[in-house]
Amino acid sequence: MPELPEVEVVRQGLQRGVAGRTVRSVRVTRDRAVRRHTAGADDFTARLIGRTVLSAERRGKYLWLPLDSGDALTGHLGMSGQLLVVPADSPLQKHLHVRVVFGDGGRELRFVDQRTFGGLQVVDGPAPGTTDRVPPVSAHIARDPLDPLFDDDAFVDALRRKRTGVKRALLDQTLVSGIGNIYADETLWRAQLHGARPTELLTRPVARRLLADARDVLGEAIQQGGTSFDALYVSTEGVSGLFERSLNAYGREDQPCPRCGAPVRRESFMNRSSFSCPRCQPRPRQGRW
1494 MPELPEVEVV RQGLQRGVAG RTVRSVRVTR DRAVRRHTAG ADDFTARLIG
1544 RTVLSAERRG KYLWLPLDSG DALTGHLGMS GQLLVVPADS PLQKHLHVRV
1594 VFGDGGRELR FVDQRTFGGL QVVDGPAPGT TDRVPPVSAH IARDPLDPLF
1644 DDDAFVDALR RKRTGVKRAL LDQTLVSGIG NIYADETLWR AQLHGARPTE
1694 LLTRPVARRL LADARDVLGE AIQQGGTSFD ALYVSTEGVS GLFERSLNAY
1744 GREDQPCPRC GAPVRRESFM NRSSFSCPRC QPRPRQGRW
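Counted from 1, the sequence shown has number 1636 at position 143 by the numbering used here; the numbering is strictly sequential.
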């Protein structure tokens, strides 16, 4: 599942490739790709044609394109979704489900999804006069650590009020958005905390250091184009991310910890895997997932 860095790389590509352009036509070749648009594919198409894309926006892992109508085109990448900005005469991709053609005759926007867990939807935009530009459908999502309006003090207070493991807290999208399994493990490795460390026992300095480490990890991942473990995640230009080469914990079972040399361990966590260093990140005696 793409996390914040991967979605931010896609957002940047959409800002370059489609912002300021007007939709001439839309073709939906598989209705499942717009299943979240409950009014159906015809309505989805009608709400896009003739509309100008104003910008590309993101909150955490949620992505949307504000339109001059006040609506917003939202994109959920799921496990394998790709939003590509390609020349109109490019060969059609095997799992191409939606094509958005612009009136200037330049590159077009294509939604490709092998597993079809993702999809597109046109939703109502923010209410007129509101200062928050997030569509109501995504308004429940917390700000992410890279958001200029992220409230560090509020995050630290909320984190320490929780009674859960610190990794569960990092994955809670109502507390802080954009951090998934990969970047939670990488953040915890840098902070030298085991994911089961109780949040209520974190001191304020430790909680602030954890937040700083999360920002560093996310920022570095964005600079390297995100993390690509297979060909399913690519930028809008079809380029794979390179942050996999910089991972210190995630996916490195039995490999030496880059900091101390101890073999990285893998533990089961919420039907997934967690990776950590047994020496740098000792499991708390009374810890819990």
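Quick reminder that beta carbons are idealized off the backbone N, C-alpha and C, glycines included.
Exposed unless 16 or more other CB atoms sit within 10 angstroms - verdict on residue i
i     : result
E1679 : buried
L1652 : buried
H1530 : buried
L1585 : exposed
S1728 : buried
C1753 : exposed
P1559 : buried
D1606 : buried
T1538 : buried
L1642 : exposed
Closest by C-alpha distance to residue i, when choosing among the options
i     : options                    : result
I1542 : T1567, T1515, H1590        : T1515
Q1575 : Q1717, R1654, D1561, R1592 : R1592
S1721 : S1733, G1658, L1711, S1728 : S1733
G1632 : G1673, F1537, M1572, R1551 : Correcting the residue type first, residue 1632 is Ala in the shown sequence and not Gly. Taking only the C-alpha atoms, the option nearest A1632 is R1551.
E1601 : A1677, I1672, P1749, V1546 : V1546
H1590 : A1565, D1644, R1544, A1534 : A1534
G1712 : A1689, F1736, R1654, A1700 : F1736
L1686 : L1497, C1770, K1587        : C1770
P1495 : E1693, V1511, V1594, F1610 : F1610
R1544 : G1596, R1759, Q1614, M1572 : G1596
Spatial distance of residue i from residue j (CA atoms)
i     : j     : result
N1764 : V1630 : 27 Å
D1561 : V1578 : 20 Å
A1714 : R1528 : 31 Å
R1608 : T1696 : 43 Å
P1619 : T1567 : 13 Å
V1659 : D1665 : 10 Å
A1635 : K1554 : 11 Å
Q1505 : R1778 : 44 Å
A1526 : G1612 : 5 Å
V1757 : I1675 : 14 Å
F1768 : A1684 : 14 Å
E1501 : D1640 : 12 Å
R1787 : Q1508 : There is simply no residue 1787 to check, as the chain begins at 1494 and stops at 1782 in what is shown.
R1540 : G1513 : 17 Å
D1644 : P1638 : 9 Å
V1519 : G1671 : 30 Å
L1681 : D1536 : 45 Å
F1604 : S1573 : 10 Å
A1707 : D1646 : 15 Å
Residue i beta carbon near the ligand ADP (any heavy atom closer than 7 Å)
i     : result
G1688 : Of the ligands one can find in the structure shown there are none, so the ligand ADP has no counterpart to examine.
Per DSSP, the bridge partner or partners of residue i
i     : result
V1527 : Per DSSP, none; premise fails for V1527.
G1671 : Answer is none; G1671 lacks a bridge partner.
S1548 : Looking at the DSSP assignment, S1548 forms no beta bridge with any residue, so it has no partner.
V1516 : F1595
Proximity test, Cβ basis, 8 Å: residue i and chain D
i     : result
P1751 : Note that chain D does not occur in the displayed structure, where there is just one protein chain.
Counting only runs that start and end within the region 1685-1773, where is the alpha helix (DSSP H) found for 4 or more residues in a row? 1697-1716
Enumerate, from N- to C-terminal direction, the unbroken beta strand (DSSP E) stretches of 3 or more residues contained entirely within the region 1551-1636. 1555-1559, 1564-1569, 1574-1579, 1589-1595, 1601-1606, 1612-1617
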